[in-house]
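Read the structure below first, then the notes.
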Ligand SMILES: [Zn+2]
């Protein structure tokens, strides 16, 4: 790690002690020779103090401490098996959905046809008298 970009991307993890040994060494080596990154580290430290101050004002009784006993990693045996879903449930649900959609389409087509018939009848009522007047 040689660039300021790499170093500054790891500054927060450096502050909280979350870097592995190689990254930590790289950050510290870079900070020794780079003034802009030291300035960025100082800014991050100030921000961390501000956040801690704000958090203490909001939650004064909260304390962070490592767990007394190491927390066991979850094992596969502890995982709850998912319930088996049968394809028949999905087939029934899909059939019901298709029936509902089909009924909706049929109703929509029926309404549309009826409204077209009404329009055609209205047009005929309007045009028939005029057709009778023309030959005269
Ligand atoms: Zn730098």
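In the numbering used here, the protein residues as written are 949 to 1084. Note that the Cβ used here is the ideal one computed from N, Cα and C, for glycine as well.
Legend entry - Segment limits, alpha helix (DSSP H) that includes residue 980: Counting from 1 along the chain shown, the entry for residue 980 is found at position 32. Boundaries of the alpha helix (DSSP H) harbouring residue 980: 969-981, taken from the DSSP string.
Legend entry - Neighbourhood of residue 962 by C-beta, 7 Å cutoff - its chain only, sequence neighbours within 5 removed: For the purposes of this step, residue 962 is taken as the residue at position 14 of the chain shown. Annotation for residue 962: 972 and 975 place their beta carbon closer than 7 Å to its own, counting only its chain and skipping 5 residues before and after.
Inset, instruction - Report the rounded CA-to-CA distance for residue 990 versus residue 996, giving the unit in angstroms. - result: Translated into the one-based positions of the chain shown, residue 990 becomes position 42. Translated into the one-based positions of the chain shown, residue 996 becomes position 48. Near 10 Å, if we compare the C-alpha coordinates of residue 996 and residue 990.
Inset, instruction - Find the nearest neighbour of residue 985 within the set 1063, 955 and 1072, judged by alpha-carbon distance. - result: Translated into the one-based positions of the chain shown, residue 985 becomes position 37. When only C-alpha atoms are compared, the closest one is 955.
Legend entry - Residues passing the C-beta test against ligand 1 heavy atoms, cut-off 6 Å: Residues flagged by the Cβ proximity filter: 952, 955, 978, 982, 984 and 985.
Inset, instruction - Whole angstroms is fine: what's the gap from residue 1065's alpha carbon to residue 1054's? - result: Translated into the one-based positions of the chain shown, residue 1065 becomes position 117. Translated into the one-based positions of the chain shown, residue 1054 becomes position 106. Approximately 16 Å between the Cα atoms of the pair.
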